[in-house]
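Numbering (my numbering), first residue to last: 7 to 490. Quick reminder that beta carbons are idealized off the backbone N, C-alpha and C, glycines included.
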Amino acid sequence: MSEKAGVADTVGFERLSEYRYRIPRQGKMRCDAVFYASRRILEDLAAEDYASLRQLMGVATLPGIVEPALSMPDIHWGYGFPIGGVAAFDPEEGGVVSPGGVGFDINCGVRLLVSDISREELADRKARLADELFRSVPSGVGRGRKDFRIGRPDLRRLLVEGPSWLVERGYGEPGDLDGIESRGRLAGADPDAVSERAYQRGQPQLGTLGSGNHFLEVQYVDEVYDEEAARAYGLHPGQVTVLIHSGSRGLGHQVCTEYVERFLQVAPKYGIELVDRQLAAAPIDSPEGRAYLGAMSAAANFAFANRQLIAHFTREAFARAGFGGRPLRVLYDLAHNNAKLEEHGARRVLVHRKGATRAFGPGNPELPERYRGVGQPVLVPGDMGRYSFVLAGTEGSMRETFGSSAHGAGRKMSRRRAKKAARGRDLIREMEQVGILVRAAGRATVDEEMSEAYKDAAEVVEVTDGAGIGKKVARLRPQIVVKG
DNA sequence: ATGTGC
Numbered sequence: 007m008s009e010k011a012g013v014a015d016t017v018g019f020e021r022l023s024e025y026r027y028r029i030p031r032q033g034k035m036r037c038d039a040v041f042y043a044s045r046r047i048l049e050d051l052a053a054e055d056y057a058s059l060r061q062l063m064g065v066a067t068l069p070g071i072v073e074p075a076l077s078m079p080d081i082h083w084g085y086g087f088p089i090g091g092v093a094a095f096d097p098e099e100g101g102v103v104s105p106g107g108v109g110f111d112i113n114c115g116v117r118l119l120v121s122d123i124s125r126e127e128l129a130d131r132k133a134r135l136a137d138e139l140f141r142s143v144p145s146g147v148g149r150g151r152k153d154f155r156i157g158r159p160d161l162r163r164l165l166v167e168g169p170s171w172l173v174e175r176g177y178g179e180p181g182d183l184d185g186i187e188s189r190g191r192l193a194g195a196d197p198d199a200v201s202e203r204a205y206q207r208g209q210p211q212l213g214t215l216g217s218g219n220h221f222l223e224v225q226y227v228d229e230v231y232d233e234e235a236a237r238a239y240g241l242h243p244g245q246v247t248v249l250i251h252s253g254s255r256g257l258g259h260q261v262c263t264e265y266v267e268r269f270l271q272v273a274p275k276y277g278i279e280l281v282d283r284q285l286a287a288a289p290i291d292s293p294e295g296r297a298y299l300g301a302m303s304a305a306a307n308f309a310f311a312n313r314q315l316i317a318h319f320t321r322e323a324f325a326r327a328g329f330g331g332r333p334l335r336v337l338y339d340l341a342h343n344n345a346k347l348e349e350h351g352a353r354r355v356l357v358h359r360k361g362a363t364r365a366f367g368p369g370n371p372e373l374p375e376r377y378r379g380v381g382q383p384v385l386v387p388g389d390m391g392r393y394s395f396v397l398a399g400t401e402g403s404m405r406e407t408f409g410s411s412a413h414g415a416g417r418k419m420s421r422r423r424a425k426k427a428a429r430g431r432d433l434i435r436e437m438e439q440v441g442i443l444v445r446a447a448g449r450a451t452v453d454e455e456m457s458e459a460y461k462d463a464a465e466v467v468e469v470t471d472g473a474g475i476g477k478k479v480a481r482l483r484p485q486i487v488v489k490g
């Protein structure tokens, strides 16, 4: 399929460079859109009749957008905004905030822990560790935890303070906070903008994984591409790592649901014309916009705290499995579903990243000193059978994508199709035969999350690296997978 | 993603 077909039929894009394409402003778009893709990714986009690129064009119609509307190489169809979408809005130009531009799982993200344990040491205790982790980190839809209770007044404080509230009470180490994006605390969190129902749903779920694509993986570093960055991050071949992927659970979901509804009601009042109801938005500088941002930031702090507590119980599981006294340091905790006020091109803009990560380049004062020379760690989880990647933010991401990069492999099959493809197979056994132990709350999720249901993360990473919006640092191979 | 449809 050539890009010509795209021009003629529907979307109309042009190639800017090997991996970079532009959709010129057309129809109700207020600015151009730019997307990153390989020829192969382009074929995937064509196969879905450019549905996700059309969503990106919809994003470009929203008021106050700062050009261009962007998507990362892992773009796929999502609620309103495409997953992999990045869009910045200027509050002084009537810019909007959109819950669909953040996602239902507010501040979903990944945290990478690094140990001094070798792959060989892990081999001796792998089954034991898998069992301990599965016991220590509840997973599955609606699951809570019984051994950690937080009262309402404390939860309110946690929504404002994030993981520091936990660290102060012994759930973690003081150094943990240095490795979290924004130190795990988004400013402006408003616990009063979070509904009673959201509190109720979130309260028992702190320290739980959830379901779907969420996971906890024990891995090892099997390849290093950039020695200098790997050294700065403290990564070396054969080393055991832990990758935690989870978000704000029922609390964030409830916040998103309620504000989408509210924004739909008020959009006419602000003269916002929506080409798609799922793009529901309100001005950043409006009572509704401010309330959502307050609630979203609170949910974000809850998600950071959730990963903090999961990391705490992960450390306990490692100790019980015979790795007592061995450190598990936070390399980085990075969100991929949020909206943040940032300075770009001497303007203060609200950057929505929906299935996209922050990827600040070298020298950025936001970064911990030890990473400042090489740029921010960018974590790109792959599917559960293959590999995940660590990249570094670049000058290119700062210049082209409001300091953003890709967040993962992206689905290739629908959940329904994956389930069908898994019929008659025992995926857990297949994984075990290649040395990956799976512990899951249910088999259905494992089927839906099968390796073949995902695009190859390596492809996404090649495009990201090739386009210069992220730099390959290391590859991680799974050994233990805990799923919902 | 999600008390996996109101």
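- In the DSSP assignment, N344 falls within the unbroken beta strand (DSSP E) covering N343 to H350.
- Between N343 and G472, the C-beta gap is not smaller than 8 Å, which leaves the two residues out of contact.
- Here L222 is bridged, per DSSP, to I250 and V488.
- Note that the C-beta distance between L249 and G106 is not below 8 Å.
- With a minimum length of 4 residues, the unbroken runs of alpha helix (DSSP H) contained wholly in the segment 109-145 fall at 125-142.
- Residue pairing by DSSP places L482 opposite V227 and S394 in a beta bridge.
- Proximity of the segment 170-187 to the segment 348-359 falls short of the contact definition, fewer than three beta-carbon pairs being nearer than 8 Å.
- In the DSSP assignment, the residues bridged to A93 are H358.
- Out of G474, A427 and L118, the CA that lies nearest to the CA of L334 is found in L118.
- Following the DSSP letters along the chain, one finds A304 inside the alpha helix (DSSP H) bounded by residues P293 to F324.
- Put simply, the backbone Cα of Y298 is about 35 Å away from that of L139.
- Counting C-beta atoms within 10 angstroms of its own C-beta, E54 has fewer than 16 neighbours from the protein chains shown and is therefore classed as exposed.
- In this chain, A327 is not harboured by any alpha helix (DSSP H), its DSSP state being neither H nor E.
- Around the beta-carbon of V479, 16 or more other beta-carbon atoms lie within 10 Å, marking it buried.
- DSSP places H82 inside the beta strand (DSSP E), whose first and last residues are I71 to H82.
- Burial of L443 is indicated by the presence of at least 16 other C-beta atoms within 10 angstroms of its C-beta.
- Excluding the 5 residues flanking it on each side, V440 has same chain C-beta neighbours closer than 8 Å at G391, in chain order.
- Put simply, of V246, G244, E294 and L241 the residue whose alpha carbon is nearest the alpha carbon of V266 is E294.
- Between the segment 60-76 and the segment 27-37, the count of C-beta pairs closer than 8 Å reaches three or more; the two stretches touch.
- Between E126 and I486 the beta-carbon gap is near 15 Å, outside 8 Å, which marks them as no contact.
- When Cβ pairs closer than 8 Å are counted between the two stretches, the segment 202-221 is seen to touch the segment 145-157, the count reaching three or more.
- The bridge partners DSSP lists for T363 are S411.
- Annotation for A446: the continuous beta strand (DSSP E) segment containing it runs L443 to A446.
- The shortest C-alpha to C-alpha distance from L212 to any of G86, L397 and L315 is the one to L315.
- Between the alpha carbons of S201 and V261 lies a distance of about 7 Å.
- Contact check between the segment 77-91 and the segment 233-240: fewer than three CB pairs, one atom from each, fall below 8 Å, which does not count as touching.
- In the structure shown, the three-state DSSP call for Q382 is coil.
- In the pairwise beta carbon analysis, the segment 378-387 is classified as not touching the segment 429-440: fewer than three pairs are separated by under 8 Å.
- For E20, the uninterrupted beta strand (DSSP E) run begins and ends at E20 to S23, by DSSP.
- Separation of D160 and V92 (C-alpha to C-alpha, rounded to the nearest whole angstrom) is 34 Å.
- Here G381 is near G399, since their CB atoms are less than 8 Å apart.
- A straight-line Cα-Cα distance of about 18 Å links Y338 and R359.
- Here I186 carries a strand assignment [DSSP, helix/strand/coil].
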